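Read through the structure below, which is laid out as structure tokens, and then see the notes.
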Ligand code: OXD
Ligand code: MN
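Numbering (this note's numbering), first residue to last: 658 to 1237.
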């Protein structure tokens, strides 16, 4: 580690190098460093103890997928869904930006563990950064300092990540992954996913590459436990593209709590999974905190997180009230008088939103009221169901179950979401996002599909694979399903399917609940709405399959033949259902 750090310092030329031990005293001094910058403030110490507000550069507020690269010697190994740079060219180009980029600054060395300290599934990373804000966030999102150096010892088995703010000019911003060297270089951004290198860069892009080599899985999945009336808990992992309510689902307050169905949170973004000696796939959450989107988060949508983010939390790009409390759209209530925007201006209605749409909270996971007692279990938790989902206004029914693993991989590989205005400005454009890994797969996605297919053959008790869609709309353009805490009704059906109990009807796309199979008591839902929620419309699927075909052909002969077989089988089942 020291050899690599010395090399990084020789390149970036900081004034000082500080090795982080992860102690509270050190944290306080790093927060003081952060507060020396004009972009960081302490929030109300009475109502928000130990909470901070950070404002990032207005040109640096989100992950930048077009500046994110997979750097492999052969372009085909990055695949058609990744931006590619050849490693030598990348080292030269990005190296010249990193050269001297830390002059006048401190380089912090942050050794960290992704995953519970004692878990054999966990892995060590080392991030060097010139941003105290990044260190303070890494301290929440990972286990940093002495625990990591102790685990590492003198071994070189760690993922190095070099991060520098550079000059924050988007023209000199690159996030480059060298999967074969297990190395990350990021320059020109201080924003979460680009700068907290343990998260998307290591735990998904580099880890997905390692997982394929080593026979495990690194997935963009939340992990939750569904407790049923006897007290038994079944664990599920779910993948959704960004902006589909993944965090809210992971932290849901169940509408069926009084009937004994409770949801426990284990993770809201990433799952690392290995086959356990019991033959089940076991998952850990590699992260130690939640880096969640603030706008839209309130008592109604996510009461659990609201009870967690009033202490020891770092807020980024939210608004601030005259009481020096954080504020965002959807927190509840009207904008208070004297509100200040994320850009530090006095808010009025002409200014648009007070909080940036991608503003965030960084909160320790242990503070969440719904955190599972098992969330740091060294062996992980056994996963019984995988859930895929997206935002589909017309196509997909509320829930369906795939016929088997191979079909489930096809369901995941053909996942898609329709864009919302907030994300791109284009409403209703279908973006294919296989397993929600489109921006996060560190190698050729065709090989990733192959890896999924092979894992299915190796797992003695594989999870059953489901697909959900909370976003189906009626002819009036309104959502048919109430969502949020009511989603537990769908999770309950999934649990009962895994146990071989709940009723379902076979359709060409998979098993869909029969009308009586979903527990709907206490919910006002019209019979027509329920029909519409569960309907499988062959014409709509035909259109979608055209789009799937275009997507699949991008991969050429590298696409596993099993997926083409599934494609053909689906068409055959539709043809048969029409003639019947
Ligand atoms: C995230 C994302 O921030 O998926 O987790 O974009
Ligand atoms: Mn995510």
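By construction, the Cβ of each residue, glycine as well, lies at the ideal position given by its N, Cα and C atoms. For clarity, every value in this text was computed on a predicted model and none was experimentally measured.
- Exclusion of residue 752 from the 7 Å shell around the ligand OXD follows from its C-beta lying no nearer than that to any non-hydrogen atom of the ligand.
- Residue environment for residue 1232: exposed (fewer than 16 other C-beta atoms within 10 angstroms of its C-beta).
- For residue 946, the secondary structure class from DSSP, reduced to helix, strand or coil, is strand.
- The beta carbon of residue 994 is closer than 8 Å to those of 979 in its chain, skipping five residues each way along the sequence.
- With fewer than 16 other CB atoms across the displayed protein chains lying within 10 angstroms of its CB, residue 749 is exposed.
- Pairing residue 765 with residue 675, the inter-Cα distance amounts to about 5 Å.
- Residue 937 sits in a strand when the DSSP states are folded into three classes.
- Residue 769: member of the beta strand (DSSP E) spanning 763-771, first to last residue.
- Within the model, the alpha-carbon separation for residue 1134 versus residue 1189 is close to 13 Å.
- Between residue 930 and residue 1042, the CB-CB gap reaches or exceeds 8 Å.
- Within the same chain, and ignoring the five residues on either side of residue 1010 in sequence, the residues whose Cβ sits closer than 6 Å to its Cβ are 986.
- When beta bridges are read from the DSSP output, residue 857 appears opposite no residue.
- In this chain, the beta strand (DSSP E) harbouring residue 931 covers 928-932.
- Here residue 1058 is near residue 1123, since their CB atoms are less than 8 Å apart.
- Here the residues close to the ligand MN, judged by CB distance below 6 Å to any of its heavy atoms, are 877, 899, 926 in chain order.
- C-alpha of residue 693 to C-alpha of residue 784: approximately 22 Å in a straight line.
- The C-alpha of residue 1168 lies about 49 Å from the C-alpha of residue 807.
- Per DSSP, residue 709 is one residue of the beta strand (DSSP E) stretching across 709-711.
- Under the Cβ criterion (8 Å, minimum of three pairs), the segment 937-952 counts as touching the segment 1010-1021.
- Residue state for residue 971 is assigned as strand, using DSSP reduced to three classes.
- Residue 880 and residue 1065 have their C-alpha atoms spaced approximately 18 Å apart.
- Bounds of the alpha helix (DSSP H) holding residue 866 are 864-871.
- Taking non-hydrogen atoms of the ligand OXD into account, the C-beta of residue 1009 is found less than 7 Å away from none of them.
- For residue 753, the enclosing alpha helix (DSSP H) has its first and last residue at 744-755.
- By the 16-neighbour rule on beta-carbons within 10 angstroms, residue 757 is exposed.
- Assignment of residue 698 by DSSP, reduced to helix, strand and coil, places it in the strand class.
- Contact between residue 799 and residue 1033 does not hold, since their C-beta atoms are separated by about 13 Å, which reaches or exceeds 8 Å.
- Exposure of residue 1180 is indicated by the presence of fewer than 16 other C-beta atoms within 10 angstroms of its C-beta.
- For residue 881, the three-state secondary structure derived from DSSP is strand.
- Just measuring C-alpha positions, the residue of 778, 1126, 882 sitting nearest residue 868 is 778.
- With fewer than 16 other Cβ atoms from the protein chains shown falling within 10 Å of its own Cβ, residue 1118 counts as exposed.
- A straight-line Cα-Cα distance of about 10 Å links residue 813 and residue 661.
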